[in-house]
Amino acid sequence: MSETKFCQSCGMPLDSKDVCGTNQDGSINEEYCIYCYKDGAFVDDCTMDEMIEGSVRHMKESGMLKEQNKTEEEAREFMYSFFPELKRWK
Ligand SMILES: [Zn+2]
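Taking my numbering, I'd label the letters of the sequence shown as residues 17 to 106.
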């Protein structure tokens, strides 16, 4: 992949084919990650708010917030600034 793409559902960088979602025919889907999109369908049928809350929780539990020196509120605010631009939530 030439340029870094972001999952159009959760915003995570799709920097390798290993994290890309898959289409129904098993081919690589370069718009969504494997955690969001598998075999041609979304893994979780959730709203944007639920997705953001889940991501914030994940960042907190994995220590990513500390790593990036962010508070929960800052992370949430950041996600609300770009999630509405993602294809799935438009
Ligand atoms: Zn995703």
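C-beta atoms are modelled at their ideal positions from N, C-alpha and C, and glycine is treated no differently. As the structure is a prediction and not an experimental result, all values here were calculated from the model.
Report the CB separation of residue i from residue j in whole angstroms; it is logged as a contact under 8 Å.
i, j, result
"Cys49", "Cys36", "7 Å"
"Glu66", "Lys76", "So it is not a contact: roughly 16 Å between Cβ atoms."
"Met95", "Gly42", "Going by Cβ atoms, the distance from Met95 to Gly42 rounds to 31 Å, so no, they are not a contact pair."
Spatial neighbours of residue i within its chain, please: C-beta separation below 7 Å, excluding the five flanking residues on both sides.
i, result
"Met64", "Phe99, Trp105"
"Asp55", "Thr38, Gln40"
"Ser71", "Cys26, Met95"
Taking the DSSP output, what are the residues bridged to residue i?
i, result
"Leu30", "Lys21"
Quick one: what does DSSP say residue i is sitting in, helix, strand or coil?
i, result
"Ile44", "strand"
"Glu83", "helix"
"Tyr51", "coil"
"Glu89", "helix"
"Gly70", "helix"
Rank the options by C-alpha distance to the C-alpha of residue i and give the top, closest one.
i, options, result
"Ile44", "Cys62, Ser78, Asp60, Cys23", "Cys23"
"Lys33", "Thr20, Ser71, Ser78, His74", "Thr20"
"Arg92", "Leu81, Asp60, Ala57", "Leu81"
Give every residue of the same chain whose Cβ lies closer than 8 Å to the Cβ of residue i, excluding the five residues on either side of it in the sequence, and list them in chain order.
i, result
"Val59", "Tyr51, Cys52, Tyr53"
"Cys62", "Gly70"
Take residue i and list the residues in its own chain whose beta-carbon comes closer than 6 Å to its own, dropping the five residues that flank it on each side.
i, result
"Leu102", "Gln24"
"Arg73", "none"
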